[in-house]
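Everything below concerns the one structure shown next.
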Amino acid sequence: MRVVSGNYKGRQLKAVPGITTRPTTDKVKEAIFNMVGPYFDGGIALDLFAGSGGLGIEALSRGIKRCVFVDREPKAIQTIHKNLDLCQVEPDSFEVYRNDADRALKAIIKRDLQFQLIFLDPPYKQQKMKALIEIVSKNNLLGENGFIVTEHGSDVQLDKEIGNFTQVKHETYGMSSITIYENIGDKGEE
261 MRVVSGNYKG
271 RQLKAVPGIT
281 TRPTTDKVKE
291 AIFNMVGPYF
301 DGGIALDLFA
311 GSGGLGIEAL
321 SRGIKRCVFV
331 DREPKAIQTI
341 HKNLDLCQVE
351 PDSFEVYRND
361 ADRALKAIIK
371 RDLQFQLIFL
381 DPPYKQQKMK
391 ALIEIVSKNN
401 LLGENGFIVT
411 EHGSDVQLDK
421 EIGNFTQVKH
431 ETYGMSSITI
441 YENIGDKGEE
């Protein structure tokens, strides 16, 4: 597992010890960023089920100004910190929190943050993707033209529209699927 492109290109990343997380492969990571980027001019990202932090670190490498990493597992939090250190990411470019997704979103809502990029990669056995996306929509957490990148089991079919967001891409890679939503704002309304 490595950073695919950008400022930290080629840096090897550590995986979370154990079998509770499944890191996004480099191939899938590259495909994701080709769909939503591939590079950014600032903005904030949220890596809500961060695991090793690979997606958020890739976003930082490609020009996202700041990333908020959230995971509930202590081993994941330790791994995120190790990977940020390995990439020598500036301390003011990230925040790392040990929390579950629902409580983290409540805290984020209170802070009035708005993201350009949100990664949702919950454990496959605990899919609650639609509910999470509805919370993001209801609370205006995704900026106009921002993307939500979801990774889920290939047997899961997500709605074409959830809240204010429209599905713009869906790809399957073996047992995993990537579904991407965009906040297209008022563009579709006449």
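In terms of the numbering used here, the sequence shown opens at residue 261 and continues consecutively. Think of the CB as a built atom: it goes at the ideal place given N, C-alpha and C, for glycine as much as any other residue.
Given residue i, which residues of its chain have a CB within under 8 Å of its CB, disregarding the five upstream and five downstream residues?
{"i": "D372", "result": "none"}
Can you find the residues in the same chain that come closer than 6 Å, C-beta to C-beta, to residue i, ignoring five residues on each side of it along the sequence?
{"i": "I369", "result": "N399"}
{"i": "I444", "result": "T426"}
{"i": "I324", "result": "F300, G303, A305"}
{"i": "L308", "result": "V330, A361, L380"}
{"i": "I340", "result": "A310, G313, F329, V356"}
{"i": "A291", "result": "none"}
{"i": "H430", "result": "T439"}
If we call anything under 8 Å between Cβ atoms a contact, is residue i one with residue j?
{"i": "Q374", "j": "L402", "result": "yes"}
{"i": "G266", "j": "R322", "result": "yes"}
{"i": "D274", "j": "K342", "result": "At residue 274 the sequence reads Lys, which differs from the Asp that was named. Yes, these two residues count as a Cβ contact at 8 Å."}
{"i": "Y268", "j": "C347", "result": "yes"}
{"i": "V452", "j": "I440", "result": "Since the first residue of the chain shown is 261 and the last is 450, residue 452 is not available in this structure."}
{"i": "I408", "j": "I393", "result": "yes"}
Let's test the definition: count the other Cβ atoms within 10 Å of the Cβ of residue i and tell me whether it reaches 16, buried, or not, exposed.
{"i": "E442", "result": "buried"}
{"i": "G406", "result": "buried"}
{"i": "S437", "result": "buried"}
{"i": "T432", "result": "exposed"}
{"i": "M294", "result": "At residue 294 the sequence reads Asn, which differs from the Met that was named. Exposed."}
Might you give, ordered along the chain, the residues of its own chain that have their beta carbon closer than 7 Å to the beta carbon of residue i, omitting 5 neighbours on each side?
{"i": "R262", "result": "G270, R271, Q272, L273, D286"}
{"i": "N404", "result": "Checking the sequence shown, residue 404 turns out to be Glu, not Asn. Cβ within range, chain order: N443, G445."}
{"i": "E411", "result": "T284, D381, S436, I438"}
My understanding is that residue i touches residue j, with C-beta atoms under 8 Å, so please give their C-beta distance in whole angstroms.
{"i": "S397", "j": "I422", "result": "7 Å"}
{"i": "I317", "j": "V349", "result": "7 Å"}
{"i": "K390", "j": "L418", "result": "7 Å"}
{"i": "L320", "j": "T284", "result": "So it is not a contact: roughly 15 Å between Cβ atoms."}
Cβ of residue i less than 8 Å from any chain D Cβ?
{"i": "A364", "result": "In the structure shown, chain D cannot be found, because there is only a single protein chain."}
* Fully enclosed by the stretch 262–332, which beta strand (DSSP E) runs are 3 residues long or longer? -> Within the stretch 262–332, the complete beta strand (DSSP E) runs of at least 3 residues are 304–307, 326–331.
* Asked: Mind pulling the beta strand (DSSP E) runs of 3 or more residues that sit fully within the stretch 358–403?
  -> 375–380
* To do: Let me know the alpha helix (DSSP H) ranges lying completely inside the stretch 402–443, each 4 residues or longer, listed in chain order.
  => none
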